[in-house]
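Below: one structure, written as structure tokens.
Residue numbers (our numbering), protein chains in the order written: chain A, 1155 to 1777; chain G, -4 to 336.
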């Protein structure tokens, strides 16, 4: 499917134009809310909007129906201006059952659209959600919100009369009714969804027909039912010309790996032990064997990192992805790669912790683990993507740095980036920088730990190269020869060399982009998945006339060479993070700057408004 | 594997070609010396170019092995050598890979990886030096130490029941399982050659002496007299006989139960004839141990099974032949896209 211009259907009712809208679909895990949200995202993308999404689902696979912890939701913000985040407060909430209402109502704006599936508000579901009385009878709901009580289940089933499907199968189509209705409310085109249904259910014509009918029924219900006085439009956003696709972080990361695989022509070994929220990378890569990516589902996290170290020793590209608990298990392996100076990349898709924590929720609290979570002096390169689509470039960059400097690289993505989507301007793979792979083949003057001057990289030698047989390992190495050495001065030297090698990666870092004035009252410093929220908040503060700028760090070790200089151009420095203050500690320690943190560790993205408030407080407290 | 078949191109090596320039640092009298020497000696017979050979080890006395081999080598971390070797084989199925490990490295901290490298049937040759003690950490009991063993960490005797390495390997689906003894050079050489020639994961338990912390742990198989009584040489297709010529004994199998009989007292056809392709009977055989039974040495089992890396390579080939080589530009623009002008 490809099209050049997206046309919104002509509405029969008055259409009010909005800058942007925040919509959340919420229901039971089995209600298909993720799919509904993804399809609505595609529709908005077709209409030319900029988009940010936030899927949110329980860790339990089939949580008991109707329970609060079984609620699954999908939120998106779409707009005609740049959209940086999925939004703080909802313009529209679709609640398919009482539990969804209870969990999510607090996020709906006063006067916001509330769509309720009435048939789900029966005794059993009300009990499970903990409602003593039926909220449908609560007058306050009508007063505070534009509430629409619609029997979505019955309307769906009625619309499917005559189709050879049983009651349960018909009931399952109700999410498409809801999607159709919301598509009408926001005048997003349903064509992409119709197309999707056709492709998805090629082998089951009845189900395809049922979903098609449910979608259209919902759409027409909005159009004809008297309850909606108006619908809304959101004009196409002004986006850079080019071809776009919707991209999630995990897919972007996998495709970045494929781009590097093709560019280098080297075999890629991807070791993984299934762990949320990283497993989708394994699933994605395992579909692309023709790029010579060999996915290895290991017996545990340790074997996964072990295998990729073996692959790197063999002259292949060794990669693995995990989440916080898995990174902890990989520590010893990563340290071996530091000692053996082999190029590997470990992707940490951070989630709420500690321990098992909140497996399906997001967090940024593994920064210290990535920087320091190994025994002894064990520096690695650490970089972090800022948006879902950025994961593509960061994955590629991590591989490029790892092989150029012969160092392990840790990439810190997170659950929000992994599952979140954005419209992504498809890059030309030819525009990606070269990956400098040089295998040593010359035996003359060969030493396993002799170093290249600019990078301090030791030579990469593929076993199978005659005359270069050598041994490496985890014991301390004598400088140059690589022989085992217990000499005190040599150890001190090697500790410094390993650190210096990582420091030299700073020469790869471009000048830092400053969003705002080059000096002033406040600089907001962020890293990783908070890019959207911070940028939105800073732009809002700037529009309110505040002297505020922001920078977003991709490189966390080494830090950008110009960072110290930039930090000194502002009176205050604010560092918002989804942790208890990790980057802020690094900045304070590294630059002796009185930076302050803004920290919330709730398993969800930071709220833009909270950061705006923190900015205002600091700027005003300044005067 | 492409190597090994190009015999004409392989230089004529001697043992010396496989000796590295590093000083060997094992304790004088350690059984590892004999194993190192035997491995170096058999290398020229592999018919594999030296540069295509890789030794991977974990941690422990045995794991210093790669430093002393003039091949490619990687001394890694405790217990993880099988995982590292698996990744190496995935990236480089053209290499001949050996894993050197010990009873602690391979069966305690690395027991999980050992299980999986064997069941996957990765094409590696695994040499497990079993001295029934932790040597490098100076004398704690190991997972193969006998119950009641007095060591530094078990002054009142070990309360752990030991694992039988060969029975373990058979139980997890190894396709080649053998046992040999560090003091029997000829048998060791023969066994290692067969292991190296096996296609798939080959597991060799080498009974090895630690003369510092567990001297004569296998004394029953060292002493000339007791060796005759206790060493059972197993050979495919031959009856399981042992003991002195004048009082020859044999094994008979009643159901899954082995029994020792005097050879003179049962008819020849009653003897248990070793069948290396029969995993179930190999498991019974592997479980026998001195002093109640003789200790079987030799190739206990060898069967054919698909090799993990071959299956991976097959899928890769199929993916390319069915859909063409990967093309990132096409992938990026596949599926749903839209264009803004």
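All residues carry an ideal CB built from backbone N, CA and C; glycine is no exception.
Please classify residue i: is it buried, with 16 or more other beta-carbons within 10 angstroms of its beta-carbon, or exposed?
i	result
residue 1738 of chain A	buried
residue 1156 of chain A	Annotation note: pLDDT 41 at residue 1156 of chain A (below 50); position unreliable, no value reported.
residue 1771 of chain A	exposed
residue 306 of chain G	exposed
residue 1299 of chain A	buried
residue 124 of chain G	buried
residue 22 of chain G	exposed
residue 381 of chain G	Missing from the structure shown is residue 381 of chain G; chain G here goes from -4 to 336 and no further.
residue 1171 of chain A	exposed
residue 287 of chain G	exposed
For chain G, check one thing: does any of its Cβ atoms lie closer than 9 angstroms to the Cβ of residue i?
i	result
residue 1648 of chain A	no
residue 1530 of chain A	no
residue 1560 of chain A	no
residue 1499 of chain A	no
residue 1632 of chain A	no
residue 1423 of chain A	yes
residue 1431 of chain A	no
residue 1614 of chain A	no
residue 1638 of chain A	yes
residue 1160 of chain A	Residue placement at residue 1160 of chain A is flagged as unreliable, the pLDDT there being 41, under the threshold of 50; the coordinate-derived value follows with that caveat. Chain G contact via Cβ: present.
residue 1442 of chain A	yes
residue 1582 of chain A	yes
residue 1623 of chain A	yes
Quick one: what's residue i bridged to in DSSP?
i	result
residue 1680 of chain A	A:1706
residue 70 of chain G	A:1627, G:52
residue 252 of chain G	G:249
residue 1302 of chain A	A:1269
Less than 9 angstroms between the beta carbons of residue i and residue j, yes or no?
i	j	result
residue 100 of chain G	residue 148 of chain G	no
residue 1764 of chain A	residue 1242 of chain A	yes
residue 1507 of chain A	residue 1517 of chain A	yes
residue 1411 of chain A	residue 1436 of chain A	no
residue 1575 of chain A	residue 1207 of chain A	yes
residue 27 of chain G	residue 203 of chain G	yes
residue 1535 of chain A	residue 1577 of chain A	no
residue 324 of chain G	residue 1443 of chain A	no
residue 81 of chain G	residue 111 of chain G	yes
I want to see whether chain D comes within less than 9 angstroms of residue i, judged by CB atoms only; does it?
i	result
residue 297 of chain G	No chain D appears in the structure shown, which is made up of the protein chains A and G.
State yes or no: is the beta carbon of residue i nearer than 9 angstroms to at least one beta carbon in chain A?
i	result
residue 35 of chain G	no
residue 164 of chain G	no
residue 338 of chain G	Nothing about residue 338 of chain G can be reported from this structure: the residues present for chain G run from -4 to 336 only.
residue 83 of chain G	yes
residue 64 of chain G	yes
residue 14 of chain G	no
residue 207 of chain G	no
residue 69 of chain G	yes
residue 98 of chain G	no
residue 107 of chain G	yes
residue 301 of chain G	no
* Asked: When the Cβ atoms of the stretch 1547 to 1561 of chain A are set against those of the stretch 1379 to 1386 of chain A, are three or more pairs found closer than 8 angstroms?
  -> Below 8 angstroms, too few C-beta pairs join the stretch 1547 to 1561 of chain A and the stretch 1379 to 1386 of chain A to call them touching: fewer than three.
* Touching or not, the stretch 1521 to 1540 of chain A and the stretch 1385 to 1402 of chain A, by the rule of three or more beta carbon pairs under 8 angstroms? -> Taking 8 angstroms as the limit for Cβ pairs, the verdict is that the stretch 1385 to 1402 of chain A does not touch the stretch 1521 to 1540 of chain A.
* Specify whether the stretch 1740 to 1754 of chain A and the stretch 1688 to 1704 of chain A touch according to this definition: at least 3 beta carbon pairs, one from each stretch, less than 8 angstroms apart. => Using a C-beta cut-off of 8 angstroms, the stretch 1740 to 1754 of chain A makes no contact with the stretch 1688 to 1704 of chain A, since fewer than three inter-stretch Cβ pairs fall below that distance.
* To do: Decide yes or no for the touch test of the stretch 1280 to 1289 of chain A against the stretch 1210 to 1217 of chain A: beta carbon pairs closer than 8 angstroms, at least 3 of them.
  => Contact fails: fewer than three Cβ-Cβ distances are below 8 angstroms.
* To do: Please confirm if the stretch 218 to 233 of chain G is in contact with the stretch 290 to 298 of chain G, defined as three or more CB-CB distances below 8 angstroms between the two stretches.
  => Contact holds: three or more Cβ-Cβ distances are below 8 angstroms.
* the stretch 1339 to 1355 of chain A touching the stretch 1194 to 1210 of chain A, judged by at least three CB pairs closer than 8 angstroms -> Between the stretch 1339 to 1355 of chain A and the stretch 1194 to 1210 of chain A, the count of Cβ pairs shorter than 8 angstroms is three or higher; the stretches touch.
* **Segment contact flag, the stretch 1479 to 1493 of chain A with the stretch 104 to 122 of chain G, C-beta cutoff 8 angstroms, min 3 pairs** => At 8 angstroms Cβ cutoff, the stretches do not touch.
* **Three-pair Cβ contact test at 8 angstroms for the stretch 24 to 38 of chain G versus the stretch 74 to 90 of chain G** => No, because fewer than three Cβ pairs between the stretch 24 to 38 of chain G and the stretch 74 to 90 of chain G fall closer than 8 angstroms, the two stretches do not touch.
* Does the stretch 111 to 130 of chain G come within contact of the stretch 1493 to 1512 of chain A, defined as at least 3 CB pairs closer than 8 angstroms? -> The stretch 111 to 130 of chain G makes no contact with the stretch 1493 to 1512 of chain A: fewer than 3 CB pairs, one atom from each, lie closer than 8 angstroms.
* Can we say the stretch 1663 to 1682 of chain A touches the stretch 1700 to 1713 of chain A, given the rule of at least three CB pairs closer than 8 angstroms? -> Verdict: yes, contact present.
* Mind the definition here: the stretch 1455 to 1469 of chain A touches the stretch 1413 to 1424 of chain A only if three or more C-beta pairs lie below 8 angstroms; say whether that holds. => Output reads yes: the stretch 1413 to 1424 of chain A touches the stretch 1455 to 1469 of chain A.
* Check whether the stretch 80 to 95 of chain G touches the stretch 43 to 58 of chain G, counting contact only when three or more Cβ pairs, one atom from each stretch, lie closer than 8 angstroms. => In short, these stretches touch, since the Cβ pair count reaches three.
* Is it a yes or a no for the stretch 1231 to 1239 of chain A touching the stretch 1167 to 1181 of chain A, going by three-plus beta-carbon pairs under 8 angstroms? -> By the C-beta criterion, the stretch 1231 to 1239 of chain A is judged to be in contact with the stretch 1167 to 1181 of chain A, since at least 3 inter-stretch pairs fall below 8 angstroms.
* Touching by the beta-carbon criterion (3+ pairs, under 8 angstroms), the stretch 1719 to 1731 of chain A and the stretch 1748 to 1757 of chain A -> The stretch 1719 to 1731 of chain A vs the stretch 1748 to 1757 of chain A: in contact.
* To do: Give a yes or no on contact between the stretch 263 to 279 of chain G and the stretch 151 to 159 of chain G, applying the rule of three or more CB pairs nearer than 8 angstroms.
  => Three or more Cβ pairs closer than 8 angstroms define a contact, and the stretch 263 to 279 of chain G falls short of that threshold against the stretch 151 to 159 of chain G.
* Would you say the stretch 243 to 252 of chain G touches the stretch 173 to 190 of chain G, given that touching needs at least three Cβ pairs under 8 angstroms? -> Not touching, per the Cβ criterion.
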